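*Asks:* First residue of the sequence shown: 1, per UniProt numbering; consecutive thereafter.
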Amino acid sequence: MHAIVIEDKQLVWAEVPDPEAAEGEVVVDVTASAVNRADVMQRQGLYPPPPDASAYPGLECSGVISAIGPGVTGHHVGERVCALLAGGGYAERVAVPVGQLLPVPAGLSLVEAASLPEVACTVWSNVVDRDRLRPGETLLVHGGGSGIGTFAVQLGAALGAKVLVTARASKHERLRTLGADLTIDYQNDDFVRSVLNHTGGRGADVVLDIIGAKYLARNVEALAPEGRITVIGMQGGRTAELDLGALMAKRGRVSSTSLRARPAADKARIVAGVRDQVWPLVAAGLVKPIVHGTFPLAEAAAAHELLESSDHFGKILLQR
C-alpha cells in the first residue's frame with residue numbers, strides 16, 4: 001500500500017507494508033482522513049507518536065473494514081465506519097482497535113464522516129465528560145474557526161449553553177450561524193472584557209483553550225465562580241505564570257488533557273460516550289461536519305500549508 005511518511009520534516013508519498021489486524025483490531029481501507037494540528041507538530045518533530053502507534057500521521061479516518069482480527073465480534077468485512085486513531089490515517093489502510101470504531105452517522109457521506117472522530121472525542125471528553133457543561137452555563141471557545149472550534153460551538157449550543165468564541169473577524173458570521181452567541185475578534189478586542197461585559201461580570205463557566213500559555217492568566221480573569229479551564233493545545237506556548245490567588249478566589253480549576261496517548265480502554269470509553277451522546281445530535285442535524293476543503297491524500301503537504309495559514313474554517317480532509 002501507499003502512505004504519507006515523514007522524511008526530514010517533509011511529507012512524502014511512499015510505498016509501505018500493509019498493516020495486519022492484531023488481536024481486537026480490524027483493518028480499514030481508508031476512504032478519507034483529516035488534517036489536525038497534531039499532524040503538523042509530528043511533521044515538525046515536536047509530537048512523536050506513542051510507542052505502539054503507527055509512524056504515519058493521521059488521527060482519524062473513515063472507510064470500509066477489509067479484514068477482521070482475532071477476537072473481534074460485532075463487526076464484518078464491508079462495514080462502513082469512521083475511527084479515532086493514534087496514527088496511520090494518512091495511508092491507504094490502517095489497523096484500528098475495535099473500541100475506537102464508530103458507525104458513520106446517519107445522513108453523512110463516508111468522506112464527511114472522516115471529519116468527526118477526533119474533534120468529537122476531544123470536545124466531548126473535555127467539555128461534557130470532564131467539565132460537565134450544563135444547560136444555561138457559558139462556554140468560552142478559543143480558536144473558533146478550527147475543526148475543534150466549529151465543533152465545540154455547535155455542541156455547546158446543542159447542549160443548551162451560551163457559547164462565546166474567539167476568532168478572526170472574517171469568521172464571525174459563519175460562527176454565529178453555528179450557534180455562537182458572541183463572537184470576539186481576538187486580534188483587536190480584549191476577550192476578557194468582552195466575556196465579562198456579555199455575562200454581566202460573571203464570566204465563563206467552561207473555557208476550552210487551544211492556545212495555552214499566552215492565554216492562561218486572561219482565562220482566569222474571564223472565569224466565573226466555580227469555573228473550569230481545560231487546556232488542549234499550546235499554540236501560544238507551554239510555560240506561563242499562574243496567579244493561584246486569583247484562581248482560588250474564584251474556586252476555579254485549570255486542567256490539561258491530550259487524547260492521542262491515552263490507554264486503549266480510556267479511548268474506548270470516550271468513543272462510546274460520543275456514539276451514545278453526540279451521534280444522535282449529528283443524526284438530528286444539530287451538529288454538522290464543517291469541511292473547508294478536500295485534498296488528494298498524496299497532496300497532504302498542501303493541506304498542511306493551508307492548516308498552518310489558519311485561513312481555513314472547519315476541517316481539512318484528505319481523500320484517496
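From the three backbone atoms N, C-alpha and C, an ideal C-beta is built for every residue, glycine too. Model, not experiment: these values are computed from the prediction.
On the three-state DSSP scale, how would you describe Q154?
*Replies:* Residue 154 sits at position 154 when you count from the first residue of the sequence shown. In this structure, Q154 counts as helix in the three-state DSSP scheme.
*Asks:* Shortest alpha-carbon distance to A213 belongs to which of G233, A204, E221 and R202?
*Replies:* On the sequence shown, position 213 is the one that residue 213 refers to. Among G233, A204, E221 and R202, the Cα nearest to that of A213 is on G233.
*Asks:* Quick one: Cα of E173 to Cα of N36, how far?
*Replies:* On the sequence shown, residue 173 is found 173 positions in, with the first residue counted as 1. On the sequence shown, residue 36 is found 36 positions in, with the first residue counted as 1. If you take the alpha carbons of E173 and N36, they lie about 23 Å apart.
*Asks:* Residues in the same chain with beta-carbon distance under 8 Å from E23, minus the five sequence neighbours each way, listed in chain order, please.
*Replies:* Counting from 1 along the sequence shown, the entry for residue 23 is found at position 23. The residues are G69, P70 and G71.
*Asks:* Look up G63 in the DSSP assignment and give the residues it is bridged to.
*Replies:* To locate residue 63, count along the sequence shown from 1; it is residue 63. Answer by DSSP bridge pairing, in chain order: V30 and V81.
*Asks:* Would you check if the segment 113-127 and the segment 184-193 touch, i.e. whether three or more CB-CB distances between them fall below 8 Å?
*Replies:* no
*Asks:* What is the DSSP secondary structure of R313, counted as helix, strand or coil?
*Replies:* Within the sequence shown, the letter at position 313 stands for residue 313. Going by the sequence as given, residue 313 is Phe instead of Arg. Reduced to three states, the DSSP call for F313 is coil.
*Asks:* Applying the criterion that 16 or more other CB atoms from any shown protein chain within 10 Å of the CB defines a buried residue, is K171 buried or exposed?
*Replies:* Translated into positions along the sequence shown, residue 171 becomes position 171. The residue in question, K171, is buried, as its Cβ has 16 or more Cβ neighbours within 10 Å.
*Asks:* So does the segment 148-167 actually touch the segment 177-186, counting three or more Cβ pairs closer than 8 Å?
*Replies:* yes
*Asks:* Decide yes or no for the touch test of the segment 14-21 against the segment 40-49: beta carbon pairs closer than 8 Å, at least 3 of them.
*Replies:* no
*Asks:* Going by DSSP in three states, V128 sits in which element: helix, strand or coil?
*Replies:* For this step, residue 128 is matched to residue 128 along the sequence shown. Helix, per DSSP.
*Asks:* Looking at the strands, I want to know which residues DSSP matches up with I211.
*Replies:* By one-based count along the sequence shown, residue 211 stands at place 211. I211 pairs with nothing; no bridge assigned.
*Asks:* How is the beta strand (DSSP E) around K162 delimited, first residue to last?
*Replies:* Along the sequence shown, one-based indexing puts residue 162 at 162. Where K162 is concerned, the enclosing beta strand (DSSP E) stretches over K162 to A167.
*Asks:* Which same chain residues, not among the five before or five after A34, have their C-beta less than 6 Å away from its C-beta?
*Replies:* Here residue 34 corresponds to residue number 34 of the sequence shown, with the count starting at 1. The residues are E60, A114, S115, K315 and L317.
*Asks:* With a threshold of 7 Å on Cβ separation, who are the neighbours of G107 within its own chain once the five nearest residues in sequence on each side are excluded?
*Replies:* Within the sequence shown, the letter at position 107 stands for residue 107. Within the same chain, G107 has close Cβ partners A283.
*Asks:* Rounded to whole angstroms, what's the CA-CA distance from residue 324 to A264? Just pull it up for me.
*Replies:* The structure shown has nothing for residue 324, since the chain only spans 1 to 320.
*Asks:* Quickly, what does DSSP pair Q10 with across the bridge? List them, please.
*Replies:* In the sequence shown, the residue the question calls residue 10 occupies position 10. DSSP, once it has assigned bridges, lists E7 as partnering Q10.
*Asks:* So what does D185 bridge to, in DSSP terms?
*Replies:* The sequence position of residue 185 within the sequence shown is 185, counting from 1. DSSP, once it has assigned bridges, lists A167 as partnering D185.
*Asks:* List the residues that DSSP assigns as beta-bridge partners of F295.
*Replies:* Locating residue 295 in the sequence shown gives position 295, counting from the first residue. Bridge partners of F295: L318.
*Asks:* Within a Cβ cutoff of 7 Å, which residues of the same chain sit near T239, ignoring the five residues on either side of it in sequence?
*Replies:* In the sequence shown, counting from the first residue as 1, residue 239 sits at position 239. Cβ neighbours of T239 beyond the five flanking positions: A213.
*Asks:* May I ask you to report which of helix, strand or coil DSSP gives residue 330?
*Replies:* The structure shown does not extend to residue 330, since the chain is modelled only from 1 through 320, so no value can be given for it.
*Asks:* Give the C-beta separation of L133 and V141 to the nearest angstrom, bearing in mind that I take them to be a contact with Cβ-Cβ under 8 Å.
*Replies:* For this step, residue 133 is matched to residue 133 along the sequence shown. For this step, residue 141 is matched to residue 141 along the sequence shown. About 11 Å separates the two Cβ atoms, so there is no contact after all.
*Asks:* How about the segment 71-80 and the segment 235-253: do they share at least three Cβ pairs that are nearer than 8 Å?
*Replies:* With the cut-off at 8 Å, the segment 71-80 and the segment 235-253 do not touch.
*Asks:* Can you tell which of L307, F295 and H312 has its C-alpha closest to the C-alpha of A32?
*Replies:* The residue you call residue 32 lines up with position 32 of the sequence shown. Closest option to A32, Cα to Cα, is F295.
*Asks:* Start and end of the alpha helix (DSSP H) containing T177?
*Replies:* Along the sequence shown, read from residue 1 onward, the residue named residue 177 stands at position 177. Its alpha helix (DSSP H) spans residues H172 to T177.
*Asks:* Distance, Cα to Cα, H292 vs L307?
*Replies:* Counting from 1 along the sequence shown, the entry for residue 292 is found at position 292. Counting from 1 along the sequence shown, the entry for residue 307 is found at position 307. Taking the straight line joining both Cα atoms gives about 10 Å.
*Asks:* Compare the beta carbon distance of L102 and V287 with 8 Å and say whether it is the shorter of the two.
*Replies:* On the sequence shown, residue 102 is found 102 positions in, with the first residue counted as 1. On the sequence shown, residue 287 is found 287 positions in, with the first residue counted as 1. No, the Cβ-Cβ distance between L102 and V287 is not below 8 Å.
*Asks:* Out of G147, S194, L178 and L182, point me to the one whose CA is closest to D311's CA.
*Replies:* One-based indexing of the sequence shown puts residue 311 at position 311. Comparing Cα positions, the closest option is G147.
*Asks:* Nearest to E92 by CA position, among D52, G156 and W13, is which residue?
*Replies:* Here residue 92 is taken as the residue at index 92 of the sequence shown, counted from 1. With distances taken between CA atoms, E92 lies nearest to W13 out of D52, G156 and W13.
*Asks:* Just verifying my parser: in three-state terms, what is the DSSP assignment at A91?
*Replies:* In the sequence shown, the residue the question calls residue 91 occupies position 91. In the structure shown, A91 sits in a strand (DSSP, three-state: E or B).
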